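First up is the structure itself, then whatever we jot down about it.
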């Protein structure tokens, strides 16, 4: 079955959101196992973003997640001292 461009666009949007939701599930399972700080997550379009929860020390949360994910430590300006 071939789909028109108009039929593909909504499916593509949902596909990206589903992939982000699956990634979030994996991240939350890893976070629980590693006792990482809680992040508030949002899924928009093709973006999955995590931000330290208001009750969490932001710098400590970013450091812990960067260590866990082997990530870069280019902290956002909001975390700069």
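Numbering (the numbering used here), first residue to last: 200 to 280. Glycine included, each C-beta is placed from N, C-alpha and C at the ideal position. Fair warning: this is a prediction, and the values are worked out from it, not measured in the lab.
Name the two residues that bound the continuous alpha helix (DSSP H) containing residue i.
{"i": "residue 220", "result": "204-233"}
{"i": "residue 269", "result": "Taken as a continuous stretch (DSSP letters only), residue 269 belongs to no alpha helix (DSSP H), as it is neither H nor E."}
Going by C-alpha distance, which of the options is nearest residue i?
{"i": "residue 235", "options": "255, 243, 242 and 246", "result": "255"}
Less than 8 Å between the C-beta atoms of residue i and residue j, yes or no?
{"i": "residue 264", "j": "residue 244", "result": "no"}
{"i": "residue 250", "j": "residue 238", "result": "yes"}
{"i": "residue 241", "j": "residue 252", "result": "no"}
Which residues share a DSSP beta bridge with residue i?
{"i": "residue 251", "result": "238"}
message = Is it the case that the stretch 223-238 contacts the stretch 201-208, given that we only count it when at least three CB pairs across the two stretches are under 8 Å?
response = no
Item to complete: Kindly confirm or deny that the stretch 217-228 and the stretch 254-261 touch, where touching means at least three C-beta pairs closer than 8 Å.
Response: no
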